[in-house]
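In what follows, a single structure is set out as structure tokens and then discussed.
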Amino acid sequence: MTKYNIKEKSEKKANYRSFMNPNVKDELQEKIRVKIIIEEKYKDKDYSAKKLAEDLGTNVRYISAVCAERFYMSYCELVNYYRVNEAMTMLIDRRYTKMRVEDISEMIGFSNRQSFYVAFYRLRGMTPRQYKMQYIRNHPELLREPAVKGRQRKTA
-14 MTKYNIKEKS EKKANYRSFM NPNVKDELQE KIRVKIIIEE KYKDKDYSAK KLAEDLGTNV
46 RYISAVCAER FYMSYCELVN YYRVNEAMTM LIDRRYTKMR VEDISEMIGF SNRQSFYVAF
106 YRLRGMTPRQ YKMQYIRNHP ELLREPAVKG RQRKTA
């Protein structure tokens, strides 16, 4: 993946992962899921692993360990995964068709356009604009104005 200067990540095994009780991992996994997904903390660009650890009463190492072992990604990758999925929904939603991609990226928690494009490309293999154009090509009805529902008044 040379576009956007993306490098493959290296794998390292952290020793402290093996010391964590599986029940603690299960509980922490569920708490992370609630905070990040249900409470939509992924939309907060300032919500870091450190802040999550504080909110959950644990430390950043445990957050990192559970993200790696249970979600199979780092904390940043987890957050960006949900941000990109939200962006994909918004990019093809009729309510947001007039919005700029940069505005959507801000709404979902990215602090700048470049980090949004890199995360999107890394996860989907295309830019947000390419994704939107591909979807519109396959679903041209997105560009049509919605039909007016209900009875219309006749003017005399």
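Heads up, the final residue of the sequence shown is numbered 141 in the working numbering, and it's a clean run with no missing numbers. Here a beta-carbon is modelled for each residue, glycine too, at the ideal position from N, C-alpha and C. In this text, all values refer to a predicted model and were calculated from it rather than measured experimentally.
Asked, Found
"With 16 other Cβ atoms within 10 Å as the buried cut-off, status of V19", "exposed"
"CA-to-CA distance, D78 to K35, given in whole angstroms", "33 Å"
"Start-to-end residues for the alpha helix (DSSP H) that takes in N123", "P113 to N123"
"Presumed contact (8 Å Cβ cut-off) between P125 and L76, rounded CB distance", "Incorrect: roughly 16 Å between the Cβ atoms, too far for contact."
"Cβ-based burial, K117 [other Cβ within 10 Å; buried from 16]", "buried"
"Classification of G42 by the beta-carbon crowding that lies within 10 angstroms, buried from 16 upward", "exposed"
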